[in-house]
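In UniProt numbering, the protein residues as written are 1 to 65.
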């Protein structure tokens with residue numbers, strides 16, 4: 001059972017569904033494994049829980065506004 005893991009920021013249910021559909025279809029075609037065999041995990045990360053260049057992503061985003 002292949003597992004696809006996606007880490008991203010918060011998103012709505014429609015975007016999650018599209019990601020799961022698209023990643024599963026592509027992986028199935030590339031690997032030659034039926035789509036039904038794939039499990040997809042989505043891990044959502046808040047901007048307060050992500051750092052880049054020594055700063056929190058939430059602070060970086062606030063600076064850009």
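Every residue, glycine too, gets a C-beta built ideally from N, C-alpha and C.
Q | Among 59, 17, 39, nearest to residue 27 - alpha-carbon criterion | A | Position 27 of the chain shown holds residue 27. The candidate whose alpha carbon is nearest that of residue 27 is 39.
Q. Of all the options 49, 43, 56, which has the alpha carbon lying nearest to the alpha carbon of residue 12?
A. Reading the chain shown from its first residue, position 12 is the one you call residue 12. It is 43 whose Cα lies nearest to the Cα of residue 12.
**Q.** C-alpha distance - residue 15 paired with residue 7, whole-angstrom precision
**A.** On the chain shown, position 15 is the one that residue 15 refers to. On the chain shown, position 7 is the one that residue 7 refers to. When rounded, the separation of the alpha-carbon atoms in residue 15 and residue 7 is 13 Å.
Q: Can you check DSSP and say which residues form a bridge with residue 42?
A: Along the chain shown, read from residue 1 onward, the residue named residue 42 stands at position 42. Note: residue 42 sits in a beta bridge opposite 6.
Q: Take residue 37 and list the residues in its own chain whose beta-carbon comes closer than 7 Å to its own, dropping the five residues that flank it on each side.
A: In the chain shown, residue 37 corresponds to position 37, counting from 1. Leaving aside the five residues that flank residue 37 on each side, the residues in its chain whose CB is nearer than 7 Å to its CB run, in chain order, 1, 2.
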